[in-house]
Every structure is written in C-alpha cells, then in structure tokens.
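One structure is given below, encoded as structure tokens.
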Amino acid sequence: MITCAIVGATGLVGSTFLKVLEEKNLKIDKYYLFASKNSKGKKINFMDKEHIIEELTPEIPSHGFTYALFSAGSEISKEYAKEFTKHGTIVIDNSSAFRMDEDVPLVVPEINFDVIKDNKLIANPNCSTIQAMLPLAVLEKNYGIRRIVYSTYQAVSGAGKKGIDDLMHTSYGFKEEKFPHKIYGNCIPHIDSFLENGYTKEEMKMINETRKILDNKDLDITATCVRVPVMNCHCESINVELKTDFELATLLQQFSAMENLVVLDDTRFNIYPLNGFADDKDEVFVGRIRRDYSVPYGLNIWVVADNIRKGAASNAVQILEKLLNRCN
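All residue numbers in the sequence shown are consecutive under my numbering, ending with 1573.
Here is the structure:
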C-alpha cells in the first residue's frame, strides 16, 4: 500500500497540496493529514472522503508512510523530517530547513529531477527561485550564463495567510501585523530578515539556490526582493548576461519548448505575463523578452507564476508524481 502524509495540511500551501493532489489523482492508496494541536479534529473533505486532521506528535514518524509532503515551517521540518526518513519515508520538504545541505537534492522537476538518487529527503526550492529556474535553465544550457540580476515583486500570499490578512486589513486603515510597514499602498524592499551583508535572507536564498540548481557555484548573481500589495503570484524582472550571442527568434523557440514554460510576448497587442493570468495555474509565464544593449550578450525577461502553486505546492506534487512514475 502506498501512503502519503501531508504535514501542515491546514496552512495556505498545505491546503493547496490537497487541491493539486485532487486534480492529479495520483496512485496513492491512503492519505494522512497532520497539523498542529490547534487544528486537531478538524474535518476536511479530500478525495471524496472526510479526513480528520491529526496532531503531529513524536510517535507519528514511526508509522512508516511511503511519502510525506511537508509545509509546516522550517522548525517543524528540522524536528520531524529526518525522523520520518529514519522509518523509510521519502520526504519532500517545502521549508528552507535543508535546501542548502549538500546531501539534500534541491529540485525543480522540469530541470534537475535526475539529481534524486536514493535520497529520502528532498527539498523544494524557494517560491521566487522556482519560477526563475525554467527560463534560466534554457539560457544556461544553450548559451551559458555569466551574470544574473534579480528584481522581484512578490505577492503577499508568499507570507501566508497573515500576509493576505495584512493587505486586507491595512486597506481598511488598520495597523499592519505581519509586515514591517503598511503593505497597502506601499512596495516594501524587505522580505525576511536582514543579514550583515545588507541583503535579506530571501535575496540570499535566491542567489544560493540558483547556484545549486544550475550546478554553478561560481555564478555571479545579485538580487533585490520586494513585497508588493498584490494578493497572489510573484513577478520577476530578470536581467541576464550570457556567455555567447543569441537570436531572439531562436530563443523564443527554445523557451516555448521548455516543459511548463509559456511564452506570452507580443507587445503589439499588450501581451505579457500578468498576475491575474498566472493565478491558479502551474505553468511559468515569460514575456517582455528583449536585448539588454548595455552589455554584449544581455537579455531582459519578465517572469510570472503562482507562488502558492508552482512556487510551492505544485512543484512538490510534481516531484512526488515523478517519483511514483519512476517506481512503476
């Protein structure tokens, strides 16, 4: 029997796990849903059955599930994920707890699924990193990348339900609770905490995770990550300096051939990726594709994706789906 535990099933990403799993209807025989003590006993209709949320306790890992999807925060992952793996469970973790561990594969399935060997613990990248990887992997493969400049415009849903509440509440004049300033009417250049080097943790996540996924530890990257008063879907302006020249027409074809990467690029008709179009979709959308004439082989692209789906839940479920297919 193939079993799957969902850890953090009542959170924003956890509930999206359930939605995506219902859509895909994978060959899982039984699901078990876990959350904190506060959610214990809550009833959720999932896969046409009523499931009762169980509290995650120290004895749960010994049940020996086949797979587990984690989205309960890094502290819970640090406490429980490896305990699950000790009992044979393959854990796909959505937190930042293990992403930079050398022995833990950091996976975007369209790009580097093959780095998963017999690993029991697999890390899901940061939401803003995941969507950037699809077009960047195309560029790295075909032209080589010399330098990346990230500028992100990240939706409040990236901060969970409390982030969504902050946007709603501050729009009515109430004081902010989640963000350091009122998000309604403001763009806040501050996601996660500041580090001694002047960058935020979010910015360093993008830099370090990109290097790991593209398997290029010396790649020059800088990032500025901004929280914007938008409900869902992250937008990214990515400036790339390539190692060799390119033809835009060929580049568009290469982008279009990439799995789950959709080109929306026709400025004659004001066609380019938008939050409202990407919302509730698993694809990554790229547009405003144009040369950067300030350097010999420069390129600008605009990338948009649903940060809760492809940026978190769907990426993890896609990994699970590929693992199941590999075993059949």
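Here a beta-carbon is modelled for each residue, glycine too, at the ideal position from N, C-alpha and C.
Taking the Cβ atom as the reference point for each residue, do Phe1310 and Cys1372 lie within a distance shorter than 9 Å? no
If distances are taken between C-alpha atoms only, which option among Met1413, Leu1544, Glu1528 comes closest to Gly1430?
Met1413
What is the DSSP secondary structure of Lys1420, counted as helix, strand or coil?
coil
Exercise for review: Could you tell me the distance, in whole angstroms, from the CA atom of Ala1502 to the CA atom of Thr1495?
Suggested key: 11 Å
Identify which residue in Lys1288, Ala1342, Met1292, Tyr1325 has its Cα closest to the Cα of Pro1306. Comparing Cα-Cα distances from Pro1306 to each of Lys1288, Ala1342, Met1292, Tyr1325, the minimum goes to Tyr1325.
For Leu1569, which residues of its own chain have a beta-carbon under 7 Å away from its beta-carbon, when the five flanking residues on both sides are left out? Leu1271, Lys1272
Notebook entry, point to check: Quick one: is Phe1424 buried, meaning 16 or more other Cβ sit within 10 Å of its Cβ, or exposed?
Noted result: Buried, since its Cβ has 16 or more Cβ neighbours within 10 Å.
Give me the Cα-Cα distance between Asp1295 and Asp1411, rounded to the nearest whole angstrom. The residue asked about is misnamed: residue 1295 is Glu in this sequence, not Asp. About 32 Å.
Do you know whose CA, among Leu1544, Phe1291, Asp1359, Gly1556, lies nearest Asp1524's CA?
Looking only at Leu1544, Phe1291, Asp1359, Gly1556, the smallest Cα-Cα distance to Asp1524 is reached by Gly1556.
- Item | Contiguous alpha helix (DSSP H) assignments of at least 4 residues, all confined to the segment 1361 to 1447 | The segment 1361 to 1447 contains these whole alpha helix (DSSP H) runs: 1372 to 1387, 1405 to 1416.
(Q) Whole angstroms are fine: how far does the CA of Tyr1542 sit from the CA of Gly1318? (A) 40 Å
Could you tell me whether any Cβ in chain D is nearer than 9 Å to the Cβ of Val1353? Note that chain D does not occur in the displayed structure, where there is just one protein chain.
Candidates Gln1499, Glu1528, Arg1533, Glu1504: closest to Asn1515 by CA position
Closest option to Asn1515, Cα to Cα, is Arg1533.
With respect to the alpha helix (DSSP H) encompassing Thr1261, which residues constitute its N-terminal and C-terminal limits? Start and end: 1257 to 1269.
* Asked: Does the beta-carbon of Thr1334 have 16 or more other beta-carbons within 10 angstroms, so that it is buried, or is it exposed?
  -> buried
So if DSSP puts Leu1278 in a beta bridge, which residue, or which two residues, is it bridged to?
According to DSSP, residue pairing for Leu1278 in a beta bridge involves Ile1251.
key: Member of Asn1477, Leu1351, Val1485, Asp1460 whose CA lies at the smallest distance from the CA of Ile1202   = A query on residue 1202 cannot be resolved here, the shown segment of the chain reaching from 1246 to 1573 and no further.
Shortest alpha-carbon distance to Asn1364 belongs to which of Glu1347, Asp1463, His1435?
Glu1347
(Q) Quick check: what's the CA-CA separation for Lys1567 versus Ile1452? (A) 26 Å
Nearest-angstrom Cα separation, counted from Leu1314 out to Phe1262 = 8 Å
- Message: Checking the sheet assignment: what are the DSSP bridge partners for Ala1313?
- Response: Ala1250, Val1336
Extract the residue ranges of the alpha helix (DSSP H) inside the segment 1477 to 1504, only unbroken runs of 4 or more that lie entirely within it. 1493 to 1502
Helix, strand or coil at Ile1273 according to DSSP, with G and I counted as helix: coil
Open item on the list: I'd like the span of the alpha helix (DSSP H) that includes Ala1561, first residue to last.
Closed with: 1559 to 1572
task: Please report the Cβ distance between Ala1540 and Pro1518, rounded to the nearest whole angstrom; I am assuming they are in contact, meaning their Cβ atoms lie under 8 Å.
output: In the sequence on display, residue 1540 carries Val and not Ala. Between Pro1518 and Val1540 the Cβ distance is about 24 Å, and since that is not below 8 Å, they are no contact.
ask   = Is the CB-CB distance between Asp1338 and Leu1366 below 9 Å?
value = yes
Q.
Using C-beta distances below 6 Å, list every residue in its chain close to Met1378, excluding the 5 sequence neighbours before and after it, in chain order.
A. Val1353, Ile1356, Ile1458
Out of Asp1274, Lys1285, Leu1493, which has the shortest C-alpha to C-alpha gap to Thr1255? Lys1285
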